[in-house]
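2 protein chains.
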Amino acid sequence: MTRIAVIGAGAVGGYYGARLAQAGHDVRFLLRRDLDAVRANGLRIFSPDGDFHLTDVTVAASPAELGEVDWVICSLKTTALGSAQELVGPSVGPNTRILALMNGLGVEEHFAEWFGAERVSGGMAFVCINRGEPGVIHHLDYGRISLGHALDDQSQNAELDALLRSANIDTVVAPNLRYARWEKLSWNIPFNGLSVAGGGIGTATIVGDAGLRATAERAMREVVAAGNADLAANGSAARLDEDEVVARMFALTETMGDYRTSMAIDYVLGNELEAEAILANPVRRALALGVAVPTMATLSALVAQADRVRRGLARVLTREDLTRPTTK
Amino acid sequence: MTRIAVIGAGAVGGYYGARLAQAGHDVRFLLRRDLDAVRANGLRIFSPDGDFHLTDVTVAASPAELGEVDWVICSLKTTALGSAQELVGPSVGPNTRILALMNGLGVEEHFAEWFGAERVSGGMAFVCINRGEPGVIHHLDYGRISLGHALDDQSQNAELDALLRSANIDTVVAPNLRYARWEKLSWNIPFNGLSVAGGGIGTATIVGDAGLRATAERAMREVVAAGNADLAANGSAARLDEDEVVARMFALTETMGDYRTSMAIDYVLGNELEAEAILANPVRRALALGVAVPTMATLSALVAQADRVRRGLARVLTREDLTRPTTK
Numbered sequence: 001m002t003r004i005a006v007i008g009a010g011a012v013g014g015y016y017g018a019r020l021a022q023a024g025h026d027v028r029f030l031l032r033r034d035l036d037a038v039r040a041n042g043l044r045i046f047s048p049d050g051d052f053h054l055t056d057v058t059v060a061a062s063p064a065e066l067g068e069v070d071w072v073i074c075s076l077k078t079t080a081l082g083s084a085q086e087l088v089g090p091s092v093g094p095n096t097r098i099l100a101l102m103n104g105l106g107v108e109e110h111f112a113e114w115f116g117a118e119r120v121s122g123g124m125a126f127v128c129i130n131r132g133e134p135g136v137i138h139h140l141d142y143g144r145i146s147l148g149h150a151l152d153d154q155s156q157n158a159e160l161d162a163l164l165r166s167a168n169i170d171t172v173v174a175p176n177l178r179y180a181r182w183e184k185l186s187w188n189i190p191f192n193g194l195s196v197a198g199g200g201i202g203t204a205t206i207v208g209d210a211g212l213r214a215t216a217e218r219a220m221r222e223v224v225a226a227g228n229a230d231l232a233a234n235g236s237a238a239r240l241d242e243d244e245v246v247a248r249m250f251a252l253t254e255t256m257g258d259y260r261t262s263m264a265i266d267y268v269l270g271n272e273l274e275a276e277a278i279l280a281n282p283v284r285r286a287l288a289l290g291v292a293v294p295t296m297a298t299l300s301a302l303v304a305q306a307d308r309v310r311r312g313l314a315r316v317l318t319r320e321d322l323t324r325p326t327t328k
Numbered sequence: 001m002t003r004i005a006v007i008g009a010g011a012v013g014g015y016y017g018a019r020l021a022q023a024g025h026d027v028r029f030l031l032r033r034d035l036d037a038v039r040a041n042g043l044r045i046f047s048p049d050g051d052f053h054l055t056d057v058t059v060a061a062s063p064a065e066l067g068e069v070d071w072v073i074c075s076l077k078t079t080a081l082g083s084a085q086e087l088v089g090p091s092v093g094p095n096t097r098i099l100a101l102m103n104g105l106g107v108e109e110h111f112a113e114w115f116g117a118e119r120v121s122g123g124m125a126f127v128c129i130n131r132g133e134p135g136v137i138h139h140l141d142y143g144r145i146s147l148g149h150a151l152d153d154q155s156q157n158a159e160l161d162a163l164l165r166s167a168n169i170d171t172v173v174a175p176n177l178r179y180a181r182w183e184k185l186s187w188n189i190p191f192n193g194l195s196v197a198g199g200g201i202g203t204a205t206i207v208g209d210a211g212l213r214a215t216a217e218r219a220m221r222e223v224v225a226a227g228n229a230d231l232a233a234n235g236s237a238a239r240l241d242e243d244e245v246v247a248r249m250f251a252l253t254e255t256m257g258d259y260r261t262s263m264a265i266d267y268v269l270g271n272e273l274e275a276e277a278i279l280a281n282p283v284r285r286a287l288a289l290g291v292a293v294p295t296m297a298t299l300s301a302l303v304a305q306a307d308r309v310r311r312g313l314a315r316v317l318t319r320e321d322l323t324r325p326t327t328k
């Protein structure tokens, strides 16, 4: 039995934490929105792999209550990276390891700085999952976690892999963490990006329109090119196969229904968007490597603009404006 | 005194027609929205080049009333190209010439087919202009018309140039019409495109944001590359100078204030957008020529998507959707 703290128990953290708890591990959830509901009624998972209901869930409202654990799974949104150190820190003892189960670029660097790279792994969950009512999680499809250790420590990869597999979680140890991050970005950049730049839309709208679909594919090919350049620049021989990635990601997306990306959900709810980690940081990395990423950069600029419009920070023209001449 | 019919007397047609009438030409305006107002109160132009008021304006509600003329200036929106033949036709006699004062690609081909290429010219107005109340036009800045004949007939270029200059209209005879169209597109594609894809915004918002500005510049460079390939493919030795175009267009845009592009105005008013002529046709032409135009293509797809969202034709996610799991 492994002691596990789940920090940031949204849909992803809640789902994987619940799987680990179901398998008998000592899982402790740091909760905010769902605290009272889970304390009262447990955690209910609807899943094509079998629904289940955890009635006795260890929950905490503050990180100090969690106690020291063997593994911290941090599934905060990247927009909350600024508070990750204080939320994760109290659970970390001399032998604690940390899995940053978060998307985007520029994640594990922070954990490595705070806690030492030797104990930090990253994980990318390719999973369709949405939160329902408090205490309810709808797992819709897929679920594989792609893993890598910050320093490529293969024994830690094996240990983490075994832990997740003990809970019947599908895993793959990536050639390295950088590879895993770019592979996941190859889906997130086109689909999160277009889901917001397109006005808050689901994946079926993107793959069903010729222009948006072509834009998604073009963005995906740019991500692979940037990722491969990043791998090469960092001495890795691993490469993403562009055509294979495109074929696989579109095949997966075709069967998702009108899936709502996490960024579209945040957009509709008025939450902060993970635009820095998922769009802006990869664009910066690509430009620093001299890789042309025009589609990615356009999506990044237009997602930021959509966010400003939504928050009332951009001047949008109105019918009333049109009755007046432009002022300088 | 030249007999001139202005077909599609929006801001652009109204302004240039009024200048020609002011110079003493026999100008007849085919009007719709502004018919009663202009018949009652004339046409009032506010302009940095001098305000003026035409009190006695020849207006018509139907093309048959216009009579045969020496020059037809067709300044319909490209979205009305389908009705241009029947609106222009009644004014065309054996010696009538036609100026298509319209943006985008795929314009004069239609007029040439209907009326014969030998009498067709194209003009691109680089002008900041907005309609005000019915019968009122606000000329804000610039005003040069760049000209070219469909078959490169230099005597017709000279004749049209002289006609426009007789009304103190600033003109330039372009190396050829194709060159003039692409040069104008180098502004229209980035700024019309981003003004709609960015949520209905003015030019100051675009040039004032680093991400949008970089996107505009990237799109502009793609337009120039596509235009130069199109010129080469059609046996023209003329070339747009990429850096010169970028420097000039941004310098012009910097001094426009928060100018509202025609596409942003159409977007805000719920009118049909000139997305085919200004975005989709140039993207198709570029792709047919093998020129990579990822930024242009992304803007084209996202403008079409913004248009669908505005017209209720795209499924946009709502807060209510988020309480239900994705359905397949």
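So the sequences go chain by chain: C and L. Numbering follows the numbering used here, in which position 116 of the first sequence is assigned residue number 116; successive positions increment by one, without gaps. Numbering follows the numbering used here, in which position 47 of the second sequence is assigned residue number 47; successive positions increment by one, without gaps. Every residue gets a Cβ at the ideal spot worked out from N, C-alpha and C, and that includes glycine. Please read all numbers here as calculations on a predicted model, not as lab measurements.
Sub-8 Å separation of residue i and residue j beta-carbons
{"i": "Arg311 of chain L", "j": "Tyr267 of chain L", "result": "no"}
{"i": "Ser75 of chain L", "j": "Gly122 of chain L", "result": "no"}
{"i": "Ala11 of chain C", "j": "Ile137 of chain C", "result": "yes"}
{"i": "Gly135 of chain C", "j": "Leu43 of chain C", "result": "yes"}
{"i": "Leu160 of chain C", "j": "Leu66 of chain C", "result": "no"}
{"i": "Arg285 of chain C", "j": "Ala226 of chain C", "result": "yes"}
{"i": "Val198 of chain C", "j": "Ile206 of chain C", "result": "According to the sequence shown, residue 198 of chain C is Gly rather than Val. Yes. Within cutoff."}
{"i": "Val293 of chain L", "j": "Glu222 of chain L", "result": "yes"}
{"i": "Val27 of chain L", "j": "Ile45 of chain L", "result": "no"}
{"i": "Ile265 of chain L", "j": "Leu322 of chain C", "result": "yes"}
{"i": "Ala117 of chain C", "j": "Ser146 of chain C", "result": "no"}
{"i": "Leu177 of chain L", "j": "Gly148 of chain L", "result": "yes"}
{"i": "Leu31 of chain L", "j": "Val59 of chain L", "result": "yes"}
Identified DSSP bridge partners for residue i
{"i": "Asn130 of chain L", "result": "L:His138"}
{"i": "Leu30 of chain C", "result": "C:Ile7, C:Ala60"}
{"i": "Leu147 of chain L", "result": "L:Gly123, L:Val173"}
{"i": "Ala37 of chain C", "result": "BP columns for Ala37 of chain C are empty, so no partner."}
{"i": "Ile201 of chain C", "result": "L:Val316"}
{"i": "Arg97 of chain L", "result": "L:Trp71"}
{"i": "Leu43 of chain C", "result": "C:Leu54"}
First through last residue of the beta strand (DSSP E) which encompasses residue i
{"i": "His110 of chain L", "result": "Element bounds for His110 of chain L: not the beta strand (DSSP E) but the alpha helix (DSSP H), 108 to 115."}
{"i": "Leu54 of chain C", "result": "52 to 54"}
Cα-Cα separation between residue i and residue j, rounded to whole angstroms
{"i": "Val224 of chain L", "j": "Leu313 of chain C", "result": "32 Å"}
{"i": "Pro282 of chain L", "j": "Ala23 of chain L", "result": "36 Å"}
{"i": "Ser262 of chain L", "j": "Leu140 of chain L", "result": "13 Å"}
{"i": "Ser91 of chain L", "j": "Val69 of chain L", "result": "6 Å"}
{"i": "Gly17 of chain C", "j": "Val127 of chain C", "result": "14 Å"}
{"i": "Pro175 of chain L", "j": "Ala238 of chain L", "result": "6 Å"}
{"i": "Gly193 of chain C", "j": "Ala275 of chain C", "result": "8 Å"}
{"i": "Gly143 of chain L", "j": "Met256 of chain L", "result": "12 Å"}
{"i": "Gly352 of chain C", "j": "Lys77 of chain C", "result": "The question about residue 352 of chain C has no answer, for chain C in this structure spans 1 to 328."}
{"i": "Leu87 of chain L", "j": "Glu320 of chain C", "result": "31 Å"}
{"i": "Arg39 of chain C", "j": "Arg97 of chain C", "result": "26 Å"}
{"i": "Thr318 of chain C", "j": "Ala204 of chain L", "result": "15 Å"}
{"i": "Leu299 of chain C", "j": "Leu212 of chain C", "result": "11 Å"}
{"i": "Thr332 of chain C", "j": "Leu35 of chain C", "result": "A query on residue 332 of chain C cannot be resolved here, the shown segment of chain C reaching from 1 to 328 and no further."}
{"i": "Ala112 of chain L", "j": "Ser236 of chain C", "result": "59 Å"}
{"i": "Phe29 of chain L", "j": "Pro48 of chain L", "result": "23 Å"}
{"i": "Val196 of chain C", "j": "Gln156 of chain C", "result": "37 Å"}
{"i": "Phe52 of chain C", "j": "Val6 of chain C", "result": "19 Å"}
Where the alpha helix (DSSP H) through residue i begins and ends
{"i": "Asp230 of chain C", "result": "210 to 233"}
{"i": "Thr298 of chain L", "result": "294 to 310"}
{"i": "Arg248 of chain C", "result": "242 to 254"}
{"i": "Ala288 of chain L", "result": "281 to 288"}
{"i": "Ile189 of chain C", "result": "177 to 197"}
{"i": "Leu163 of chain C", "result": "154 to 165"}
{"i": "Asp321 of chain L", "result": "From DSSP, Asp321 of chain L is part of no alpha helix (DSSP H); its letter is neither H nor E."}
{"i": "Asp351 of chain L", "result": "As shown, chain L starts at 1 and ends at 328. That puts residue 351 of chain L outside it, with no answer to give."}
{"i": "Leu87 of chain L", "result": "84 to 88"}
CB-CB length for residue i against residue j, believed under 8 Å
{"i": "Arg218 of chain L", "j": "Thr295 of chain L", "result": "5 Å"}
{"i": "Val245 of chain L", "j": "Leu273 of chain L", "result": "That belief does not hold up - the Cβ atoms of Val245 of chain L and Leu273 of chain L are roughly 24 Å apart, past 8 Å."}
{"i": "Ala162 of chain C", "j": "Ala301 of chain L", "result": "That belief does not hold up - the Cβ atoms of Ala162 of chain C and Ala301 of chain L are roughly 45 Å apart, past 8 Å."}
{"i": "Ala167 of chain C", "j": "Arg260 of chain C", "result": "Between Arg260 of chain C and Ala167 of chain C the Cβ distance is about 26 Å, and since that is not below 8 Å, they are no contact."}
{"i": "Lys184 of chain L", "j": "Met102 of chain L", "result": "About 10 Å separates the two Cβ atoms, so there is no contact after all."}
{"i": "Val291 of chain C", "j": "Ala229 of chain C", "result": "5 Å"}
Interface flag, residue i vs chain B, CB-CB below 8 Å
{"i": "Ile189 of chain L", "result": "The chain inventory of the structure shown lacks chain B, comprising the protein chains C and L."}
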